[in-house]
Structure formats: C-alpha cells, structure tokens
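A.B. asks:
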Amino acid sequence: MATVQVASSPLGVPPREAPLELPREQGTGFRRLSAKLCALRPDDSSSSRSEIHLILDQLISENYSEVGGVAPEDVCALLVQACRMVPLNQNHLISKVSQLVHHLLNTLQVIVDEQNLDFLLAYTISAIHQCSSWTHVKILQALAALLYGNGSKCQKYLPDLLGKNGLLVNLSSLGQSDPEVRRAAVHCMANLCLSVPGQPYLEEPYQSICFQAFLTVLQSPKSPDMDDITFCMLLQNALKGIQSLLTGGKMKLTQTEELGALLAVLKKSMFHGLPGINIEMPTVLYPTLLPQYDGRPPAKLQQSESSASRPTMNKKKKLKIKPKKIQQGEEDEEEESSGEREAAPVTGLGRLSLRGGGTPHPSSPGAQSLTLNGSGAARRGRVSSASCSPNWKRASSSDSDYSDAEGGMQNKMRSYQARVRQGALACFLYTIKSIEKKVLYGYWSAFVSDTPELGSPQSVSLMTLTLKDPSPKTRACALQVLSAILEGSKQFLSVAEDTSDHRRAFTPFSVMIASSIRELHRCLLLALVAESDSQTLIQIIKCLANLVSNSPYNRLKLSLLTKVWNQIKPYILHKDVNVRVSSLTLLGAIVSTHAPLPEVQLLLQQPCSSGLSNSNSETPHLNPPDWWKKAPVGPFLEEASVGSPKGSSEPCWLIRLCISTVVLPREDSLLGVDAGCAAGSYVPCPMRLEALQVLAHLARGYFLVAQAYLMELGEVICRCMGESDPSVQLHGAKLLEELGTGLIQQYKPDSTVAPEQRVPVTVVVLFWTMMLNGPLPRALQNADDPILQASACDALSSILPEAFGSLPSDWQILCITVLLGLNDSKNRLVKATASRALGVYVVFPCLRQDVIFVADTANAILMSLQDKSLNVRAKAAWSLGNLTDTMIVNMESPEPSFQEEFSDLLLLKMLRSAIEASRDKDKVKSNAVRALGNLLHFLQPSHIEKPRFAEIIEESIQALISTVLIEAGMKVRWNACYAMGNVFKNPALPLGTAPWTSQAYNALTSVVTSCKNFKVRIRSATALSVPGKREHYGAAGQYAQIWDALVTALQKSEDTADFLEFKYCASLRTQICQALIHLLSLATASDLPCIKETLELNSDMVQSYILQFLKSGAEGDDTGAPHSPQERDQMVKRALEHISSVQALAGDTAKRAIVDFLENTLAVYFDTSGS
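Residues 284 to 1454 (our numbering) make up the sequence shown, in order.
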C-alpha cells in the first residue's frame, strides 16, 4: 500500500448543517464510495460512464470536514483507480476526475507518495496533450495539487514540463489565449519550485526557465480578455514562484540585469491596485545614485499627480474571516478567501490627511485597535467615536461576506490586489536576504525617497505603502521590508552629512543620504500618529528603532531624535503590552546610538511629566522612584547620600520610568502590596526585561546621568538577581556589569570626567558591599544555572580596582576564592568567564605584588590553557598576557622581593605553556606571544645562568620569530613584534652574540619592508629601535642590513594597495626616522661606510622625511616616538655629536659626509622653523 504524508489539521469546506440521523462511523461514506468505484470494471458503455459520473460527483460533494479516519494511502489508491477507470478520450470524465484529484488533495492535505505520483503525473500530462482545451484548467489544477511538495520526485517529467517545448512553458507563455489556463500553468510552475527540507531542489537550468517565466508574467500588462481577479491570482502565483526560488533554491542574483529586472517588477507590483498610485517602471532598475528616467508623457504624469489629490469616497470596510492556509498553495477562488480584514480604498493622500486636526491620539477612543484576549482570539470592538476616525477605519457590523453584488466584487478585488502587494513585498524581503547589502544599497534611491512624495516613480517608495495602503497587513509588510533594508546599514548611512547648508549646482551624495534619513524620520513619525492597528504599530516602532540604531546623528542636524523621543513617549503607556515593549526598545536605541550625544543628554533631563500623560491608559501613572521601598531608607543609601556627586536638579524621567517598570508588582505578587502602588495592574516580564536593557544602555552611554541613581539601581539589581526568573536575573547581572564598567571608565588615566564629578571611591565601596551582601554570591555559586554564573563572573570582574582594595578583607577573599573555584568548573562558559575575571584581578594594584595570589592565578590560568574549548583557551591566554604584564610592572618596583620569591618551576611551566599556546589558533596565539615576550623580559641573570632555562629560552625566541614571519592574522603578528621588542629590553639576554640574534633581526626587517599592514610595520620598526647598545645589533654586516632595511621601508612607506592603510603612513615614517636616528647615535667607525653609501643614493628622500619628523612627529598612532619639537631635534643633535666623536679611520670620508648631512638637515629645519 502506498505511503503518504497528511497534515495534522485538515482544511475543510464550510460545514453543512448536521444531519438528523445518527452519526455514522467516520469515513464510512468515503470507504463505501471508494469500494463502489473499485468494484467497477473498465467499460465504454454509456451506463458505465453515468455510474462513474455519479460516484465522482458523490466523492466531490462528500463533506470531508466532518469525515475523519480517511487513510492517506486510501486516498491515493482511490485517485489511481479513478484515473484507470477514465479513458483519455472522455473529456467530461477527465474534467471531473481532475476536479476530484484537486479537491481531495487540497481538502485532506495529502502529499502523494512517489509510486502513485509517477502514475498520476503521467496520466495528467497525457490528458493535457489529448483532451480538449476546455478541460485544461481543471487538469492543470489537479497537476498543481500533485506537484505541491513533490518537486524533487518529478525529475523524469521535468523535460516534458519545463523543457524547450515543455507543457508548462508553452501554457504559461504570452501566446496562451486562455487567461485561466495561463494562470493555472503558472500556478503549477510555482508549486514545482516549492522546496521541501531535506529534498534536492530544481537543477539550475530549470530554475532559470521558471524565473524567466515568472518575470515575464510580472512584466506583462493585463490582457483585455483577462478579468482583474484572474490577473491578481496570476501575479500572486508568479510572486510565490520567485519567492520559492529565492528561499528553497537559494537562487543567487549575480547579474545586474537579472536583479534589476526583478526589482523593477517588484516595485511595480508593490503598488498594484493601490488607489491613487499608478506608476510605470522601466524594464530594468540599474544601481545608480541618480533618479531613474520617468518615461511617462507629461499629460499622463499630470493626470497621475492630480488623481492623488482627489477626495476619498465614503465606502464600507468589510470584515472577512481568514481560513486556514491551503497546503497546496492554491488560492481559493471563492469570495470568503480574501484572507484578512481589508479596508475600503483611500485615494491619493487619504491617510496623509491624518496630520490635520482630526488626528487621533494613539490611545484615544477613535484609534481603538484589535487586541488579543487570553485565548488569542481577536476581539472586535465598535468604534466609539466616528468623528475622530477616518472613513477607512470604520468596520461594517455585517457578518455576511458582501452586502451586495457590486460592493462584494469591489471588496473582493481590493482583497486580491492587497494580496498581490503583500506577495511582492514578501518576495522583496527574500530578495534582500539573498543579495549582499553593498549591492542592495545601489538601489537605495529606488525604494527610499529623499524628498516628500510628489507622485513620480522616484518619489513613490516603501513609505508610500506605509502611509497610504488601506490594508494593515500590507502596511506591516512594507515596514518589515524597510526594516530589513535598514538593518546593518550603519556603514552605508555613515557618509550622511547634514550639519551645514549646501548651496551648490549639484547635490553631494552625503547630502542626498542625509535627506533620505530625514524623510524616513518624517514619514515614520507620521505613520506612527496615523496608525491604530497594534500589529502594524509595532512594526513602525521596530522600523524606527532600526533607523535610529543605524543613523549617524553626530553628522546630522539636531531635532531628529527629539521628534522621535517626544512622539514615542505616549506609547510607553499604550494598552497593548507589545507596543509598550517596542517603545522601550526604541528608547533604548536612542540612548545607545553614538552615545553620548548632547541632544540625548538634554532629552534625558526633560521633566518627568513631559509627554507621558495619557487619560486612556491602562497603565498607572509613574510613582516617585522610591515608592516600592517598604522599609525606611537603608544604611547604604544613607551613607551614599553624603558623598555622592551632585547631578542634575531635575531627575531623569527615563531612569524613573525603568525603575518603576522593573519593580512594579508582578501578577503573582499583587497580594499584600499597597493599592496605591499596584493600582490593580502589573508589569509583564517582557516590559521588565526591556526596561533593564534600557538601564544598561544608559549606564554604558550616559553614565554621568545614571550615576545619580547608583545606589537605587543597586537595590534594583539585588531585587532582580533575587528573583526566580532566570531572564530577570541575567538582565540584572548585565546591568551590574555596565555600572561597574562605567565606574572603571571614570577612574582611567585618560578619563575626561573631572574628579569632582566622579563617584567617590567610598560610595563605590558601599555599592559593591551591597552587591556582595545581596544575591550576587548566591548567583556565583548557582551551578544549576551556568549562564547566570557566567554573567555574575563578568559582573564581578567589573569592580573598580581602587574600591576592591578598600573592601573588607573577607569580601576580597570571597571574590578571589569564588573565581579560583569557578575556574575549575565543568561548564566551559563559566570556566572561560572565570579565567577572564582572574586576568582582570591580577592587575589590581592591591593584588599584583601578592606572590601567592599571582602564583595561584598562574596555575589556574595554565590549567585553562589546556582546555578543549577554544573560547576557554582564548580567555586564558588573554589572562596570561595580563599576568605577565603584572610581572613586568613588579620588576619596576624598588623592592625586588617579587622576583626573588617567584617560583622558578612556575616560570618554566609558564614559558612551556606559552610556547605551546603560540602554536594554537589565532585567538589564542595573539596573547600567547605577548606573554612570551613579557616572560623573556622578566628573566633575571640568575635564571639565564641556569642550564635548564637555556633550552626553553631558545625555544621561546624561535616561537616568536616564526610567529613574526608566518602569514597569520595581523593582530598576531603585531603582538609578536611587540613581544620581540620586550625581549630586546632584557639586558641579561645575550642579544648580539647569541645565534638567534640575526634570525630575530632578519624577521623584523622583513616585516618592516614588506608587510601589508602598516601597524605591524610600525611595531617592527619600534622593536628595531629598542636595543640600547651598539653591541646588541651584532657585527657590522648585521647593522648594515638593519640600516638598509629601514631606509628601504622609508622609501616604500606609501606603497600600499589598501586605501585604509594610508592613514598610518605618517606614523610609519615617524617611527622609521626615530629608528634611523637611534642607529646613528650608536654607530661605530665600521658602520659609517654603509651609512654613507645609503645616504648618497637616497639623501634627498631621507632628509625630507627626517625634516617631516622634526616638524610634525607622530600622527595617528601612538608608537612611543617623542612628540615635542625639543625632544625631536635633541635626538638629531645627539646623533650628530656621537658621529662627530667617532674616531674614523685615516682617509675615510664617510664620517665627514654623514656629519655634513646631519648639519645640513638641522640647518634647513631651523631656517624653516624660524628658530
């Protein structure tokens, strides 16, 4: 028996009235008729045909919505038997059996198995070839049902269907006279393109054939003999086919002509049937910054523009119930398949007129939208104030599909036209996902207008649909597409420039992009005010959040964010929780984009009541920020209030809002809470999570505003981390990490925050004492929730070092003990974060000289370096680099106790682990070589003298040399050059005499002359200038090689194919010049001839760059070069004095030539600088 797949919930026709007789066994009627059909024998008599007719009619009329237990294999067997009983010369029976195939497969949602499919496909294809043309529509409908989900099983029939003269190719062509046949053929082709997970897809040649067929359909105008609804269904099928090719077939639109043709038809289809909009598109859209040529004659253009201003007719909006989606993708041709609540048409600027005095407030009675009850069903509410609501928003109370024939047909046509627009938008969405963003943005101006809409194809954009389309679903689709375009557009939009007036003969690209951004803000805010449908409203707010996240407000005129800010405020109190969550997301985007922005700083200081009043809100008004504290002010707040910095006199309303949102009682905790606090309401979890994210954004970008609420936020964090909801706990830990990071940033040496504005260390100590007294230690030890453990580790690593040193010793011991314990965790995420936290703690001033702590940390990190997880090893390598940095800092301490007490065995162990890690992946390698350089720098003469260190030192240096030379990531090579410079700083190492000396210098000179990355070149030149004695550079030949390499590097300092490297050219030349002058200041008599020879060949070039070095110094990259003019010219003077003091050999003219060169260089410098 054949096997098939059946969907879990069959789609049925509208149920009939229940029969008066007792219900029969499920499926009895189907089985009885099936048995009756199978009992027949092939007979060409009229009586036999009549009986087959009767059985087929009964099977088609059977009410399958009340029939269950019909086995899929029985359906397939029945269809095969029916086809065997009907010869191909019986047109009427062929039509009826095709109708049965289509009806059963669609109604019972059966996908035919491969064996029966083979027979049925051969039968239907033969029927099309042999039967009369009037049967073709029914046969093609049956073929479409058979092909649905079976594309991978139809390989042997593809030549017949899609070949050069294939059946579907011919029937779907423009030459097909019957529009219904053409539509059915395109539908078959679309079902054939449908993908099934895990099954092979159409081969490339057939994909191209189908794509061209769909494209032709979309490009062709409606023929005179085709009615509007059939044309809409034809367009829908073509759009579905293209969508399937893009999703299942992963079709790549690499050709400009191909992509441009698709985008042109999609833009045209997006506006199909939209009242007041009638555009003509070119056949192909080309990526360009200039508007496309408008090919319409002037008369037609004026007519189109004038139609946009006609008044809207008063027509009813009908309410229709959307049936379940038919599996085969066949559009139900009955009237009840319109599929959504559609609105009556709005011509021209009908929706735009909402800007006037009749604009409803988002929460006003006239703007009531569909809300969801507990079961998810839509509650239909009557509009209470018709005077406040536009005509298109009024819904009919009639439950019938159509009130009269004329109105019914108009509404049906509008529904089909809306579905075409939705299909085009869905297809465009998948097109966006299938092409690179840099390709997509070449068509930016075709879909995003930079001027207010005037009716031309250039100004008609996605925002036109958002503002004018009467269907909420279409408006939501357009917003989804716009969001997809804006997502990841930060780099593209970053060129926008709108801070000054441009009065030129042409519009710069930067100004055009800025105009687009401004227009998007204007239209989206207009749509926000006009929208009443909650789901569409959510899409508008999400689209605004995407726009805000990617727009360069630091390069745009002020007020854009202010308008968004002020208009979104009322929606924070909207009755729909999803709208409230989206509104908080948008506010979070505002406070996180290019933070800190002066405009946002001012907005945060607005009065709390500004824009938040909402008489129709179901959410209570904001209470004072500390209403939720049942006990008097705690000791932490009392102590903190004495020493906290003075902030703004006006409290930040957004922080107050978020705190109130987070701590408002939940549904399960209303009992026992003051009635004035809860007001019979609670805050859903998504709102609380979003509020915590906004607080984290504020702590990251506007810490000076958030710091005034530091202790209050601390209590909020303790409350969140003490809850049972893991999501709330995680967000609380993240907020703690952001606050800790903000405090650390304030105390960094390069901080721009004035000391009097910083949070005093005493307050920070109180803050962290509160955290450690709260649920933080419990979260750190909660092995059942490793994600929370990891977040708590990150939070604990954000403690201010100065505050950690002032904590009681028992709290310090607790932190250290917990982190060392978590480093042994079996969970790799926890282990990685614990390793990183230890790397933070090891640089704390109060801990770094504690030999026992450093040794314990080193052993823990070395253990993590052996882990199987790359993430754990990468974090451990970073911590090892920090630990070795601490060892170098301790070397500079006047007390040598740390070096003396540090274990030799542990030092050897660290060197071996670092060597091993330097052979790991780049993420591990970059910090492993940093650690190697520090360890070799740390070695004392007592270590180097020991035989057991000799081999490990040689191996370590060879590891560094190989890392400098390998084609690894540039960060790895940069760190390797940096590490080599650290090695050269150790005077105890035999630099200059050891065999590895020449290898190290050869590696660095190779990099400084040939590396593609200029920052790596700069670091290698810095390393070459580290040795402080002439003997460290080795013999005269080695010295000459280094000198020649540096001169060559100076000559090639502008040779790069990467434009991004040019900004480092000046820094590279500065560092090379410093290295050359350093070498001159150490030169001996044997080195002078090679210096003279090089200068004779490159005198002008070297002198010009040294003069630049003297005048400007380092630019763009901190390489350690001297910055003051006095330091720079003193370097050259010292080099001149040294060369003058060298005892040259008799008859050697090199000394005189070099002295003359330096004297001439200084003379030119002093003459030009006026010194």
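The C-beta atom is built at its ideal place from N, Cα and C for all residues, glycine as well.
Between which residues of its own chain and G1079 is the CB-CB distance below 8 Å, once the five residues before and five after are set aside?
C.D. replies: The sequence shown places Leu at residue 1079, not Gly. Here the set comprises L1059, L1063, C1098, V1101, L1102 and A1120.
A.B. asks: Within the continuous alpha helix (DSSP H) that includes Y1261, where are the two ends?
C.D. replies: M1253 to F1267
A.B. asks: Between the alpha carbons of I1096 and Q1028, how many angstroms are there, rounded?
C.D. replies: 25 Å
A.B. asks: Within 8 Å (strictly less), CB to CB, does L811 reach chain B?
C.D. replies: Looking at the structure shown, chain B is missing, and only one protein chain is on hand.
A.B. asks: Out of L1287, L856, L549 and F497, state which residue places its alpha-carbon closest to the alpha-carbon of R1256.
C.D. replies: L1287
A.B. asks: If we call anything under 8 Å between Cβ atoms a contact, is V363 one with F402?
C.D. replies: Cβ atoms of V363 and F402: closer than 8 Å.
A.B. asks: For D733, which residues of its own chain have a beta-carbon under 7 Å away from its beta-carbon, when the five flanking residues on both sides are left out?
C.D. replies: M795, S798, S799 and E802
A.B. asks: Three Cβ pairs or more, each shorter than 8 Å: is that satisfied between the region 373-393 and the region 435-451?
C.D. replies: no
A.B. asks: Compute the minimum distance between the beta carbon of V1137 and the heavy atoms of the ligand HEM, and state whether it is under 7 Å.
C.D. replies: Among the components of this structure there are no ligands whatsoever, and the ligand HEM is therefore not found.
A.B. asks: Between the Cα of L827 and the Cα atoms of A813, S817, V1011 and L807, which residue gives the shortest distance?
C.D. replies: L807
A.B. asks: Cα-Cα, which of D1093, V1046, L1013 and T757 is closest to P1069?
C.D. replies: Of D1093, V1046, L1013 and T757, the residue nearest in Cα terms is L1013.
A.B. asks: Can you tell me which of N1285, S943 and K840 puts its alpha carbon nearest to the alpha carbon of V1247?
C.D. replies: Nearest neighbour of V1247 by Cα position, chosen from N1285, S943 and K840, turns out to be N1285.
A.B. asks: Alpha carbons only, please: which of N389, L371, L1130 and R702 is nearest the one belonging to P355?
C.D. replies: N389
A.B. asks: Ignore the nearest five residues each way along the sequence and tell me which others in L475's own chain have a CB closer than 6 Å to its CB.
C.D. replies: L430 and G434
A.B. asks: Residue ranges of each alpha helix (DSSP H) run of no fewer than 4 residues wholly in the region 816-887, ordered along the chain?
C.D. replies: 817-833, 843-851, 860-875 and 881-887
A.B. asks: Suppose only complete runs of 4+ residues qualify. What are the alpha helix (DSSP H) ranges in the region 336-380, listed by chain order?
C.D. replies: Here the runs fully enclosed are 355-368.
A.B. asks: State buried or exposed for D1093, treating a residue as buried only when at least 16 other CB atoms are found within 10 Å of its CB.
C.D. replies: exposed
A.B. asks: Under three-state DSSP, which class holds V464?
C.D. replies: helix
A.B. asks: Restricting to runs no shorter than 4 residues, where is the alpha helix (DSSP H) found entirely within the region 1157-1186?
C.D. replies: 1180-1184
A.B. asks: Please list the terminal residues of the continuous alpha helix (DSSP H) segment that includes K1151.
C.D. replies: Segment: none, K1151 is in no alpha helix (DSSP H) and carries neither H nor E.
A.B. asks: For F1267, does the count of other Cβ atoms within 10 angstroms reach 16, so buried, or fall short, so exposed?
C.D. replies: buried
A.B. asks: Run through DSSP, which three-state label would S1082 get?
C.D. replies: It should be pointed out that residue 1082 corresponds to Ile in this sequence rather than to Ser. Three-state DSSP puts I1082 in coil, outside helix and strand.
A.B. asks: Count the other CB atoms within 10 Å of the CB of P1310; is the residue buried (16 or more) or exposed (fewer)?
C.D. replies: buried
A.B. asks: Are the beta-carbon atoms belonging to A260 and Q700 less than 8 Å from one another?
C.D. replies: Shown here, the chain extends from 284 to 1454; a query on residue 260 therefore has no answer.
A.B. asks: What are the complete alpha helix (DSSP H) segments, minimum 4 residues, inside the region 1418-1453?
C.D. replies: 1433-1452
A.B. asks: Rounded to whole angstroms, what is the Cα-Cα separation between V464 and Q382?
C.D. replies: 15 Å
A.B. asks: Check whether the region 518-525 touches the region 466-483, counting contact only when three or more Cβ pairs, one atom from each stretch, lie closer than 8 Å.
C.D. replies: yes
A.B. asks: Using 8 Å as the threshold, is the region 1181-1191 in touch with the region 1236-1254, meaning 3 or more CB pairs across them?
C.D. replies: The region 1181-1191 and the region 1236-1254 do not touch, with fewer than 3 CB-CB distances between them shorter than 8 Å.
A.B. asks: Extract the residue ranges of the alpha helix (DSSP H) inside the region 480-504, only unbroken runs of 4 or more that lie entirely within it.
C.D. replies: Those alpha helix (DSSP H) runs which fall completely within the region 480-504 and span 4+ residues are 487-502.
A.B. asks: Quick one: using the 10 Å Cβ neighbour count with 16 as the cut-off for buried, is R702 buried or exposed?
C.D. replies: Residue burial is scored here from C-beta neighbours: R702 has at least 16 other C-beta atoms within 10 angstroms and is therefore classed as buried.
A.B. asks: Rounded to whole angstroms, what's the CA-CA distance from Y1457 to L528? Just pull it up for me.
C.D. replies: As shown, the chain starts at 284 and ends at 1454. That puts residue 1457 outside it, with no answer to give.
A.B. asks: Under the assumption that A1427 contacts A1366 (Cβ atoms under 8 Å), give the Cβ distance between them as a whole number of angstroms.
C.D. replies: Incorrect: roughly 11 Å between the Cβ atoms, too far for contact.
A.B. asks: Grab me the residues of K379's own chain with a C-beta within less than 7 Å of its C-beta, minus the 5 sequence neighbours each way, in chain order.
C.D. replies: H336 and L339
A.B. asks: Using 8 Å for Cβ pairs, my map puts L867 next to V945. What's the rounded Cβ distance?
C.D. replies: Not really, about 11 Å apart at Cβ, beyond 8 Å.
A.B. asks: What separation, rounded to the nearest whole angstrom, lies between the Cα atoms of P370 and S328?
C.D. replies: 12 Å
A.B. asks: Could you give the residue range of the alpha helix (DSSP H) that holds P755?
C.D. replies: P755 to L769
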